[in-house]
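Student: Residue numbers (the working numbering), protein chains in the order written: chain A, 5 to 352; chain R, 230 to 365; chain C, 3 to 381.
For reference, the structure I am asking about is given below.
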């Protein structure tokens with residue numbers, strides 16, 4: 005899928021949410037006998053009373069604060085996640101009701117591992133472009149579960165971000181192009197009633213993460229004659245610190261262009277929230293006229309690539325809601341036992 | 230309690246909705262059908278402000294059945310910006326460090342999980358107000 | 003005039019071998035024997051939670067049957083923890099109106115068959131399920147704790163001063179034959195006891211227990227009867243505690259007390275012996291203020307300084323109150339009447355208040371949603 009958007013449509017409001025609690029990788033390592041080589045410093049942990057629905061609500065309310073629209077004008081509320089509270093009952097309807105968007109709204113939950121959020125975003129772009137909706141809300145978030153002692157436990161984290169898509173005259177950033185690239189690649193999956201996913205170790209690297217991000221980015225560059233120099237910022241899916249840094253290098257982006265959006269070291273991998281929170285962190289500092297590349301990655305596998313240009317309205321809209329840094333700096337550490345309790349790993 | 234029981238009050242729980250007397254302006258929370266001041270039955274729905282001060286609180290260490298997995302947790306009376314008071318759980322706070330008088334703000338959280346085969350109930354709680362750094 | 007011609011009660015404790023009907027039977031029989039009668043025209047049962055804790059409703063007909071009195075009018079009255087007082091109030095109205103000559107009132111509660119979280123849930127039903135309990139998980143203790151903290155901060159009162167109510171209750175319970183706890187406790191012990199819902203400690207919260215108390219009301223001064231009901235009033239307040247204008251006053255107490263003093267033609271100074279509903283020590287302090295015995299913010303001090311002990315200015319809860327005598331919730335209001343009767347009939351043994359002639363009982367439902375006040379006079 006490729007879409008030439010010509011900056012007719014954009015993001016009119018965005019918001020993020022990160023829970024209060026953190027656990028250090030060192031603390032997880034203490035329990036499982038690992039001393040070094042941690043993929044991130046610490047990760048965000050959802051509290052006892054949080055889940056994807058609650059995080060999505062706060063991220064969406066932040067997006068609405070920036071957008072300043074009547075929530076009833078939202079024509080769609082789409083939630084992308086792989087940690088839905090209900091297997092059957094859309095998270096989207098609860099979010100829609102809580103933010104005041106109901107009842108004249110389309111709602112559904114999307115699944116495509118870590119790219120479910122950008123997928124919801126793709127659909128929102130299409131809904132607005134086709135004229136079906138004046139405004140459409142896409143949310144990506146997860147309360148990712150790591151199997152105790154597994155490699156992924158050191159990064160599986162909680163967080164969400166929300167984007168309201170609308171017409172360019174209200175946008176704080178507009179879309180130039182959108183591209184989607186998918187293949188059937190079994191790098192990471194979770195069967196129906198399994199509590200934890202399974203992954204294929206090093207196979208998740210080259211044939212999965214790198215292949216899809218690089219292919220999507222390169223095809224976007226080719227079609228629109230872009231090169232890395234044309235972009236001021238690049239945001240990639242962040243399963244750990246190493247991968248996004250390496251893919252940036254392979255694509256030709258210097259560190260300072262990915263730094264504002266590189267949040268994984270402080271909050272871990274928020275799965276469907278990852279690239280979207282990275283984009284929010286970038287929008288928190290970007291200036292009008294700057295161009296941002298966003299390339300997500302979801303296991304299974306695929307990538308969505310977007311090219312965005314920041315508009316004047318960002319200066320007015322940005323401060324209406326908390327920034328990603330506000331949530332990152334609000335933190336309280338928990339030990340492994342408390343983390344296990346919070347994440348429901350203790351049998352009662 | 231059952232799914233329909235919780236469904237009936239969802240808008241009140243999700244958006245902190247009160248009733249306001251169209252005759253004398255008195256706001257009622259929980260929402261009422263008749264004004265306690267002027268006895269008018271002409272009431273309208275209003276959403277309450279979502280920020281306020283913590284007037285008093287307690288720490289529940291022996292909870293009712295459906296809340297056992299969350300103990301200990303704090304509940305408090307919040308005086309909202311417009312003077313209306315609400316009773317709510319206080320979340321995102323170390324119960325031992327809570328103090329009266331702090332600024333709090335409303336969030337929507339899981340109130341309770343009725344069980345593996347049952348529904349999740351969401352609703353308002355209050356948390357210590359999020360600090361904003363000047364640069365963002 | 004409505005006369006109390008008989009009264010009796012079971013001890014308050016964990017009655018493992020007795021259910022609702024056995025408890026009710028025991029108390030009723032004592033009251034009927036004291037009255038020297040074996041028949042009444044109606045039965046009123048006060049109880050809060052038989053449905054949820056025992057799966058049993060329809061207690062009026064059930065207990066009438068247990069008493070071998072099937073055929074008579076029998077009703078259950080419920081007003082949360084004021085069910086007992088409300089039952090007496092209903093019976094009072096039934097006799098005063100002339101509709102019935104003799105009415106037996108039984109307050110009964112069986113709380114110990116279930117576990118603490120289930121009992122906590124049952125007690126929380128006294129409060130607004132939709133807007134107080136369900137959205138917050140607040141327990142009944144925690145609601146009172148909100149008042150306790152606010153009271154201390156507003157009036158600059160120390161936790162030890164509030165705890166005095168519980169200490170005084172225990173002192174009186176030493177010579178109270180039916181009390182659940184008959185040991186003395188100190189303020190330090192209260193402070194050291196675990197928190198139930200901060201800032202309320204375990205030793206200043208009424209315990210869970212089983213019990214039944216009964217009184218027989220009559221339109222005539224039958225037998226040895228020497229107690230009249232001089233006033234019987236019930237009042238309500240704004241249901242949600244946080245919606246009230248002043249959270250630290252139970253308006254239902256103030257309203258009921260005003261009417262009760264008028265009905266009995268007395269003022270607070272005339273009260274010789276007092277029963278207040280101190281489910282938590284803070285309620286005792288606030289009750290003294292709402293009933294006109296202490297200035298606002300001075301209620302705790304009054305108890306702390308011993309004025310509410312037997313021998314003091316205003317002997318209060320002379321058989322142990324809710325903390326030490328116990329609080330089988332629906333029965334408590336009737337226990338208070340039985341205890342006042344013992345005082346006014348000179349049958350209070352070691353706890354006798356000399357020349358006790360006027361007694362007042364305050365029974366509270368929820369955190370003041372309902373308050374029932376009785377004024378009794380010895381004749």
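Every residue, glycine too, gets a C-beta built ideally from N, C-alpha and C.
Might you give, ordered along the chain, the residues of its own chain that have their beta carbon closer than 8 angstroms to the beta carbon of residue 207 (chain A), omitting 5 neighbours on each side?
Tutor: Locating residue 207 (chain A) in the first chain gives position 203, where the first residue counts as 1. Counting only residues of its own chain and dropping the five nearest sequence neighbours on each side, residue 207 (chain A) has a CB closer than 8 angstroms to the CB of 191.
Student: Can a CB atom of chain C be found closer than 8 angstroms to the CB of residue 238 (chain R)?
Tutor: Against the second chain, residue 238 (chain R) aligns to sequence position 9. Contact with chain C is found for residue 238 (chain R), since one of that chain's Cβ atoms lies less than 8 angstroms from the residue's Cβ.
Student: Quick check: what's the CA-CA separation for residue 365 (chain R) versus residue 63 (chain A)?
Tutor: As a first step, residue 365 (chain R) must be located in the second chain, where it is residue number 136. As a first step, residue 63 (chain A) must be located in the first chain, where it is residue number 59. Confidence at residue 365 (chain R) is low in this model, with a pLDDT of 44, below 50, so the placement of that residue should be treated as unreliable; the coordinate-derived value is given next. Whole-angstrom Cα-Cα distance: 16 angstroms.
Student: For the candidate residues A:113, A:99, A:26 and A:69, whose alpha-carbon lies nearest to that of residue 337 (chain R)?
Tutor: Indexing the second chain from 1 puts residue 337 (chain R) at position 108. The candidate whose alpha carbon is nearest that of residue 337 (chain R) is A:99.
Student: Can you give the Cα-Cα distance for residue 251 (chain A) and residue 259 (chain A), rounded to whole angstroms?
Tutor: Locating residue 251 (chain A) in the first chain gives position 247, where the first residue counts as 1. Locating residue 259 (chain A) in the first chain gives position 255, where the first residue counts as 1. Their backbone Cα atoms lie some 11 angstroms apart in a straight line.
Student: Three-state secondary structure (DSSP) at residue 101 (chain C)?
Tutor: Translated into positions along the third chain, residue 101 (chain C) becomes position 99. Residue 101 (chain C) falls in the coil class under three-state DSSP.
Student: For residue 52 (chain A), which residues in chain R fall below 7 angstroms Cβ to Cβ?
Tutor: For this step, residue 52 (chain A) is matched to residue 48 along the first chain. Residues of chain R with a Cβ closer than 7 angstroms to the Cβ of residue 52 (chain A) are, in chain order, 299.
Student: Would you tell me roughly how many angstroms separate the C-alpha atoms of residue 267 (chain R) and residue 141 (chain C), rounded to the nearest one?
Tutor: Your numbering for residue 267 (chain R) matches position 38 in the second chain. Your numbering for residue 141 (chain C) matches position 139 in the third chain. Cα-Cα distance, rounded: 33 angstroms.
Student: Considering residue 425 (chain C), what are the terminal residues of the beta strand (DSSP E) in which it resides?
Tutor: No answer is possible for residue 425 (chain C): it lies beyond the span of chain C, which begins at 3 and ends at 381.
Student: Under a CB-based cut-off of 8 angstroms, is residue 287 (chain R) close to chain C?
Tutor: Taking the second chain and counting its residues from 1, the one referred to as residue 287 (chain R) is at position 58. Yes, residue 287 (chain R) counts as interfacial toward chain C.
Student: Let's test the definition: count the other Cβ atoms within 10 Å of the Cβ of residue 74 (chain A) and tell me whether it reaches 16, buried, or not, exposed.
Tutor: Working through the first chain from its first residue, we reach residue 74 (chain A) at position 70. Exposed.
Student: Could you check which residue in A:330, A:87, A:76 and A:49 has the C-alpha nearest to that of residue 199 (chain A)?
Tutor: For the purposes of this step, residue 199 (chain A) is identified with residue 195 of the first chain, where counting begins at 1. Check the Cα spacing between residue 199 (chain A) and each of A:330, A:87, A:76 and A:49: the tightest is with A:87.
Student: Let me make sure I understand the geometry here. Which of A:263, A:66 and A:309 has the alpha-carbon closest to that of residue 222 (chain A)?
Tutor: For the purposes of this step, residue 222 (chain A) is taken as the residue at position 218 of the first chain. Of A:263, A:66 and A:309, the residue nearest in Cα terms is A:309.
Student: For chain A, is any of its Cβ atoms less than 8 angstroms away from the one on residue 243 (chain R)?
Tutor: Within the second chain, residue 243 (chain R) is the residue found at index 14, counting from 1. Taking Cβ atoms only, chain A reaches closer than 8 angstroms to residue 243 (chain R), which makes this a yes.
Student: To the nearest angstrom, how far is the alpha carbon of residue 300 (chain R) from that of residue 346 (chain A)?
Tutor: Taking the first residue of the second chain as position 1, residue 300 (chain R) is located at position 71. Taking the first residue of the first chain as position 1, residue 346 (chain A) is located at position 342. Those two C-alpha atoms are separated by around 12 angstroms.
Student: Relative to the C-alpha of residue 272 (chain R), which residue among R:235, R:280, R:261 and R:297 is closest?
Tutor: Counting from one through the second chain, the residue named residue 272 (chain R) turns up at place 43. Closest option to residue 272 (chain R), Cα to Cα, is R:261.
Student: For residue 341 (chain A), tell me which candidate among A:22, A:27 and A:285 has the shortest Cα-Cα distance.
Tutor: Position 337 of the first chain, counted from the start, is the residue given in the question as residue 341 (chain A). Of the listed residues, the one whose Cα sits closest to residue 341 (chain A) is A:27.
Student: According to a CB-to-CB cut-off of less than 8 angstroms, which residues of the region 125-144 of chain C neighbour chain D?
Tutor: Here the protein chains are A, R and C, and chain D is not one of them.
Student: Looking only at its own chain, which residues have a Cβ that is under 8 angstroms from the Cβ of residue 197 (chain C), when we skip the five neighbours before and after it?
Tutor: Sequence index remark: in the third chain, residue 197 (chain C) carries index 195 (1-based). Only 203 and 204 meet the Cβ criterion.
Student: Between residue 180 (chain A) and the ligand MG, is the CB less than 7 angstroms from at least one heavy atom?
Tutor: For the structure depicted, the ligand MG is absent and the ligand set is empty, with no information on it obtainable.
Student: Using the DSSP secondary-structure output, state which residues sit across from residue 273 (chain A) in a beta bridge.
Tutor: To locate residue 273 (chain A), count along the first chain from 1; it is residue 269. Its beta-bridge partners are A:160.
Student: Please list, in chain order, the chain C residues whose beta carbon lies closer than 8 angstroms to that of residue 352 (chain R).
Tutor: Residue numbering aside, residue 352 (chain R) sits at position 123 when the second chain is read from its first letter. By Cβ distance, chain C contributes 137.
Student: Mind listing, in chain order, the continuous beta strand (DSSP E) runs of no fewer than 3 residues lying wholly within the region 47-111 of chain A?
Tutor: If we require 3 residues or more, the beta strand (DSSP E) runs fully inside the region 47-111 of chain A come out as 78-84.
Student: Apart from the five residues just before and just after residue 168 (chain A), which ones in its own chain have a Cβ nearer than 6 angstroms to its Cβ?
Tutor: The count along the first chain starts at 1 and reaches residue 168 (chain A) at position 164. Counting only residues of its own chain and dropping the five nearest sequence neighbours on each side, residue 168 (chain A) has a CB closer than 6 angstroms to the CB of 16, 17, 67, 71, 139 and 141.
Student: Shorter than 8 angstroms from the beta carbon of residue 102 (chain A) to some beta carbon of chain R?
Tutor: On the first chain, position 98 is the one that residue 102 (chain A) refers to. Yes, contact with chain R.
Student: Along chain R, in chain order, which residues have C-beta atoms closer than 8 angstroms to that of residue 122 (chain C)?
Tutor: In the third chain, residue 122 (chain C) corresponds to position 120, counting from 1. What residue 122 (chain C) touches in chain R: 291, 292, 293 and 294.
Student: Assuming residue 316 (chain R) and residue 138 (chain C) are in contact, meaning their beta carbons sit under 8 angstroms apart, how far apart are those beta carbons, in whole angstroms?
Tutor: Here residue 316 (chain R) corresponds to residue number 87 of the second chain, with the count starting at 1. Here residue 138 (chain C) corresponds to residue number 136 of the third chain, with the count starting at 1. The Cβ separation is near 6 angstroms, so the contact holds.
Student: Could you check where the beta strand (DSSP E) with residue 332 (chain A) kicks off and where it finishes?
Tutor: Counting from one through the first chain, the residue named residue 332 (chain A) turns up at place 328. Segment 328-333 is the alpha helix (DSSP H) holding residue 332 (chain A); no beta strand (DSSP E) there.
Student: When burial is assigned at 16 or more other CB atoms within 10 Å of the CB, is residue 59 (chain A) buried or exposed?
Tutor: Locating residue 59 (chain A) in the first chain gives position 55, counting from the first residue. With 16 or more other Cβ atoms within 10 Å, it is buried.
Student: Spell out whether any CB of chain C is found under 8 angstroms from the CB atom of residue 272 (chain R).
Tutor: Taking the second chain and counting its residues from 1, the one referred to as residue 272 (chain R) is at position 43. Chain C contact via Cβ: absent.
Student: Could you check whether the Cβ of residue 314 (chain R) sits closer than 8 angstroms to any Cβ belonging to chain C?
Tutor: On the second chain, residue 314 (chain R) is found 85 positions in, with the first residue counted as 1. Chain C, which has a Cβ nearer than 8 angstroms to the Cβ of residue 314 (chain R), makes this yes.
Student: Within 10 angstroms of its Cβ, does residue 131 (chain C) collect 16 or more other Cβ (buried), or is it exposed?
Tutor: Counting from one through the third chain, the residue named residue 131 (chain C) turns up at place 129. The residue in question, residue 131 (chain C), is exposed, as its Cβ has fewer than 16 Cβ neighbours within 10 Å.
Student: Nearest-angstrom Cα distance between residue 82 (chain A) and residue 145 (chain A)?
Tutor: The count along the first chain starts at 1 and reaches residue 82 (chain A) at position 78. The count along the first chain starts at 1 and reaches residue 145 (chain A) at position 141. One C-alpha to the other measures close to 11 angstroms.
Student: Starting from the Cα of residue 274 (chain R), find the closest Cα among R:244, R:295, R:344 and R:341 and give me that residue.
Tutor: Position 45 of the second chain, counted from the start, is the residue given in the question as residue 274 (chain R). Ranking the options by Cα distance to residue 274 (chain R), first place goes to R:244.
Student: Taking residue 253 (chain C) as the reference, give the member of C:364, C:336, C:345 and C:199 with the closest Cα.
Tutor: Position 251 of the third chain, counted from the start, is the residue given in the question as residue 253 (chain C). Nearest option by C-alpha distance: C:364.
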